[in-house]
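Shown next, in structure tokens, is the structure this report addresses.
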Amino acid sequence: MNLSHDDAAVPPDAPHPLTASPHRFPRRTPATATGPRRATALPHLGRSGRSHPGATHRPATPEPPSLGPTSPEPTTPEPTTLKPTTLEPTTLEPRSPEPVSAGSASPVAACPRPAEQSIPTGSSPVRTMPAPPAPPAAPDGVATRGYGALVDQPGGWVRVAAGLVGRLPISMLGLGSLLLVADVTGSYGQAGAVSATLALAGALAGPVISRLIDRAGARRVLLVLTGLHVLAGAVFGFVVLVRASTAMVLAAAALTGATLPQVGAVARERWATLLAGSPTLQSAYALESVLDEVAFALGPAAAGLLAGALPPAGLIAALACAATAVPLFAALPAPDAPRPVPTMPATVTTPGALPATVTTPATVTTSATGARPDAGTPPDAGTCAMAAPRSVPVALLPGMPSVIIVFVGLGGFFGAGEVALIALGREHGWGAGAGLLPVLITVVSLLSGLVYGARPATGDPVRRFALAGVALAVAAVLIPATDRLVLVVVGAGLVGLPLAPLMILGNTVAGRLVPAARRTEGFTWLTAGTSVGAAVSSPLCGMVVDAAGARPATVAIPISAGLAAVGALLAARSDTARSDTA
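Below, the structure written as structure tokens:
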């Protein structure tokens, strides 16, 4: 067969232009082992698609088009068993922000960037956003060991012991001065006036002194205050013993009461700063309430025993406790106040565009222990922005008047209960054992506070605050409702159950309402409310006992408890209103 010049360049295995297109002709069945493929004569075309003149044309024998290679007979595939793969769980540990170094030049530059995570958005560009902050970390052992973790803090045992002894002057001065004046002058009326002057002067001057402590520091103010208090107490004892005028005695008593060191308020403020955001803060408040109970149980008893041996001994012992314990308490290192960490910008990266900067907080407010407020706990004013200006008195901050009313009612409860229950016991012939009824309330309240403080803090403290106030009012109704002394004893025991939890929760709520920089003043207002309530209820209840007997005087107990319940309910309502408007 003659080949043209164009055909010589075509490889023998190159596809034919007319048969290469799948749209015009199907592919031929290739030759098999059973026989060669039959040749089909077609006009020989060059690469241009035209027939060459020298090409030999054979007659085309039509052949049915092939539908492709013969498909093999279908077979049923064997089922394949897939073995399940168990994925082991993986724990993702977010990176915790590092603390800001104190010596860094730029606080923003020194603040570590938060951990980042990529969030795919489908076809949208991938944005890099900061990962959620790590859960709050309490100090080592604080969340699990309760009271043990408190005393294991630096200076814990010394803080507790000095705080207890430093509280004794507050509880010893009232009865010690009363017995001293009554023994020297023989007038219980003048003695009662002196005791009331001491209490009212301390209640009025306490918030002012605590405001000074918040501004100038507890150590300096407590040391100066202790010196003034010991000096004023010595002057008071001297003017009483020399039988000075009543006005001079009252003036010396007022100065002695006004310079009382506010150890309890400072102790609570230090715990609140040291354990900011930790669940053990409730245990710290419980411990302080228990110390109050112990001080108010031991103080009057010790003053009475000492004054029975020597009339000025009760006053001297109170001044000695202040002179030794308060300087030791003031010398303890104070924890650093909570400090807000500057915010860091989180960069949103979009391909092809400039990065957008969104300011997000890099960390949350930390305390000296590294603890942070947990997300489930409502933020308190001490760890949030200090929004309340100093021109607004602490007692008028939103929610604080209701809490102060609760402690005024508690003070009235203490004062009326001590006078009315002792008189009731004497009417039933208990004699010296009549004082066991107030002691029973104190012991039950102390145990209740210890148990309550050992529990982990759960739920809304404001709601529990209201429930404790209502429980106290209901239990107090049982005391004047019966003539049988046995039922009165049962009622006194029931009254002690919600008493300490109510005081613990009151301090917890006040710590949330008051800014950290003014927290000492806030706690002092609660102590002042208790002093005012006791100073008013004690003489009024005594007058009722003199005029109508002990049983009518016991009515003052549920009245005072009802006032505390009303204040707790108002605090809960105010908290709900603030939450709804937030």
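Numbering (the numbering used here), first residue to last: 61 to 642. Cβ atoms here follow ideal geometry from the backbone N, Cα and C, with glycine treated the same way.
Query	Result
For residue 597 and residue 578, the rounded distance between their alpha carbons	29 Å
Own chain partners of residue 444 with C-beta closer than 7 Å, once the 5 adjacent residues on each side are dropped	Summary for residue 444: the model assigns pLDDT 40, below 50, so the residue's position carries little reliability; its value from the coordinates is reported in the next sentence. Cβ neighbours of residue 444 beyond the five flanking positions: none.
Three-state secondary structure (DSSP) of residue 213	coil
Exposure label - residue 248; buried when at least 16 CB within 10 Å	exposed
Exposed unless 16 or more other CB atoms sit within 10 angstroms - verdict on residue 547	exposed
Member of 233, 538, 315 and 258 whose CA lies at the smallest distance from the CA of residue 592	258
Close Cβ partners of residue 494 (< 7 Å) along its chain, the five nearest in sequence each way excluded	482, 485 and 486
Three CB pairs or more closer than 8 Å across the region 359 to 373 and the region 232 to 244	yes
Inter-stretch contact (C-beta, 8 Å, three-pair minimum) for the region 525 to 538 and the region 556 to 568	yes
Beta-carbon spacing of residue 325, residue 583 below 7 Å	yes
Coarse secondary structure for residue 482, derived from DSSP in three states	helix
Any 3 or more C-beta pairs closer than 8 Å across the region 282 to 295 and the region 338 to 351	no
Proximal residues to residue 545 (C-beta, below 7 Å), its chain only, five neighbours per side dropped	488
Counted within 10 angstroms of its Cβ, other Cβ atoms place residue 275 as buried (16 or more) or exposed	exposed
Extent of the continuous alpha helix (DSSP H) run through residue 390	373 to 390
Residue 284 - DSSP class collapsed to helix/strand/coil	helix
Residue range of the unbroken alpha helix (DSSP H) whose run includes residue 259	248 to 276
Nonlocal neighbours in the same chain, by C-beta distance under 7 Å from residue 622, ignoring five residues either side	533
CA-to-CA distance, residue 375 to residue 264, given in whole angstroms	21 Å
Reduced DSSP category for residue 476 - H, G, I as helix; E, B as strand; rest coil	helix
Coarse secondary structure for residue 520, derived from DSSP in three states	coil
Inter-residue Cα distance where the pair is residue 303 and residue 330	42 Å
Coil, strand or helix - residue 544 by DSSP	coil
DSSP-derived helix/strand/coil call for residue 189	For residue 189, the pLDDT reaches just 43, beneath the cut-off of 50, and the residue's location in the model is therefore unreliable, although a value from the coordinates is still provided. Strand.
Cβ contact check for the region 623 to 634 and the region 466 to 473: 3 or more pairs under 8 Å	yes
Where residue 289 sits in the DSSP three-state scheme	helix
N-terminal and C-terminal residue of the alpha helix (DSSP H) that residue 305 is part of	Element bounds for residue 305: n/a, residue is neither H nor E.
Nearest to residue 208 (by Cα), restricted to the options 457, 354 and 514	514
Residue range of the unbroken alpha helix (DSSP H) whose run includes residue 502	496 to 514
DSSP-derived helix/strand/coil call for residue 336	coil
Contact set for residue 312: own chain, Cβ-Cβ below 6 Å, skip 5 residues either direction	295, 296 and 299
Reference residue 476, options 457, 497 and 459, closest by Cα	497
Same chain, Cβ closer than 7 Å to residue 270, neighbours up to 5 away in sequence not counted	322, 325, 580, 581 and 584
Cα-Cα separation, residue 505 to residue 573	25 Å
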